[in-house]
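Here's the structure, in structure tokens; my notes come after.
Numbering (full-length UniProt numbering), first residue to last: 1 to 535.
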């Protein structure tokens, strides 16, 4: 499939390093064309940093970025700004205020300049809200009154309204249920201009026209969606692995031939020396033969050494094409939860759900139904009646991973945030454990405010799973957000081996199916809980 030729973003020898010297991107050269491009790469490869550079939120350390027009940007940290209104998130608050001011008699130039003859802004805003499943009167709502998934849809619709030549979306499907993901998909189907989407959502990535990958400080672009790219990569890696095996065999053959040749040369040398000592020919002839033999042996050794070096170079080149998967590695301690202990209760109008012993339960339901509120009620132990489902905890050792990842100290470092959850663990040991989350070296001293969404998630996850003493109940709200596929595999393995209780909210059906759940409960709009199929 041919790549799109009209260039919208050009990167020339682009590099970026954080103030502490950690290199995020080095010498990136490439371009993004018109149409829809999925930007992929392992956690920490620099995807979010690259989007922030294109959006001019960060300044390159060296190199340049050229864009064909204005850039619209949807960051991962969107849902943290809970004090904003839906109208602000949609990007129409100023225009709506100006229009209403004009309608109230304020005819100053300032109001008309803001409105810019966009007299149908209110009706278009209502249509945009309807497209994402919200009523027209939602414009004045604060973001803490809508779900994270609804906020993401509103912000995406707002960028669509702006019609910027270039639009950047960072993990737009985070927190979205099936219906919301379908709505997002319809928004992206005929997106105007150039759209660059960072995501780990395979279904979304398969909607893209092109797939761009950041790997090893290189940007490569493939014409096609993620699945086609993955098939191409698998074929390429299979060929590279076969080439490496063939080259490795060639190296062994050349080294063996080198050893065998050396043995033959040693035998000839001994025979020549014995003939010389026995004076089987005149001395002048014997010396000439010895010199010729030495020259011949030197040439043979040089040729054999060159053959070994050539074979080794071929092996090195083949191995360089092979990839090393980098993912988090998590080993969870035993939290000592007895089988008969009541860990938590969820008392709905129609039933009571008891989480007993090391059981694992999933809570599902559409966006905005109140799943996150239920988890917050449980963890904070608010007074009965705070939500449609009353909650009770049977342990004070609870680890909570919030959907918005807003429980971190923004100004403190990664290490400081995790140390507060494990005050008795020596810093050196804690840093060793953090390395399993791909948080290594001096990067652990970076302030949380500078982190990408994936890094922020890993710090939150590390603080949760490295707590000392370990949590007896893990409460996870959308835990696969921002994780690459390899890291999701590692998280699944860790949670399956966890011997405490687990309560998880997720829209990722494939993830839930792999956890070995004891039960799945669905929350409806009336606050009822209904057991669903756990398989």
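All residues carry an ideal CB built from backbone N, CA and C; glycine is no exception.
Note that the structure is a prediction, hence the values are computed from the model and not measured.
Judged by DSSP secondary structure, residue 213 falls within the beta strand (DSSP E) whose first and last residues are 210–215. Sorting 504, 358, 15, 194 by C-alpha distance to the C-alpha of residue 68 places 194 at the top.
Put simply, the region 178–194 touches the region 146–163. At least three CB pairs are less than 8 Å apart. Residue pairing from DSSP places residue 353 in a beta bridge opposite 346. The C-beta of residue 42 has 16 or more other C-beta atoms within 10 Å across all chains shown, which makes the residue buried. In the DSSP assignment, residue 126 falls within the alpha helix (DSSP H) that extends over 121–131. In terms of Cα proximity to residue 258, the closest of 305, 245, 467 is 305.
Around the C-beta of residue 218, fewer than 16 other C-beta atoms lie within 10 Å, and the residue is accordingly described as exposed. Note on residue 6: under 16 other CB atoms within 10 angstroms of its CB, so exposed under the neighbour-count rule. For residue 18 and residue 329, the gap between their C-alpha atoms comes out near 25 Å. For residue 87 against residue 140, the beta-carbon gap comes to about 7 Å, under 8 Å, which counts as contact. Cβ atoms of residue 433 and residue 466 come within 8 Å of each other, at about 5 Å. Annotation for residue 157: the continuous alpha helix (DSSP H) segment containing it runs 148–162. Between residue 55 and residue 204, the gap from beta carbon to beta carbon reaches 8 Å or more. Cβ atoms of residue 367 and residue 177 come within 8 Å of each other, at about 5 Å. Judged by beta-carbon spacing, residue 415 lies beyond the 8 Å limit of residue 448, meaning their Cβ atoms are not closer than that value.
Of the candidates 39, 30, 44, 513, 44 places its Cα closest to the Cα of residue 440.
Taking all protein chains shown into account, residue 111 has 16 or more neighbouring C-beta atoms within 10 Å of its C-beta and is therefore buried.
With a 10 Å radius around the Cβ and a threshold of 16 neighbouring Cβ atoms, residue 215 comes out exposed. The three-state secondary structure of residue 501, taken from DSSP, is strand. Taking a C-beta distance under 8 Å as the contact criterion, residue 174 and residue 152 qualify as a contact pair. Bounds of the alpha helix (DSSP H) holding residue 418 are 414–419. If you look at residue 14, you'll find it in the beta strand (DSSP E) that goes 7–17. In terms of Cα proximity to residue 413, the closest of 431, 122, 119, 29 is 431.
CA-CA distance, residue 142 to residue 84, rounds to 6 Å. Judged by DSSP in its simplified three-state form, residue 488 adopts helix. Of all C-beta pairs linking the region 312–325 to the region 237–244, three or more are shorter than 8 Å, placing the two stretches in contact.
When secondary structure is reduced to three states using DSSP, residue 392 falls in the strand class.
Residue environment: residue 488 is assigned as buried (16 or more neighbouring CB atoms within 10 Å of its CB, all protein chains considered). Per DSSP, the beta bridge partners of residue 477 are 505.
Bridge pairing for residue 170: 198 [DSSP]. DSSP places residue 471 in the coil class of the three-state scheme, outside both helix and strand. In the DSSP assignment, residue 220 forms a beta bridge with 213.
Rounded to the nearest whole angstrom, the C-alpha separation of residue 20 and residue 183 is 41 Å. In the same chain as residue 26, and ignoring 5 residues on each side of it, the C-beta atoms closer than 7 Å to its own belong to 15, 217, in chain order. For residue 36, the three-state secondary structure derived from DSSP is strand.
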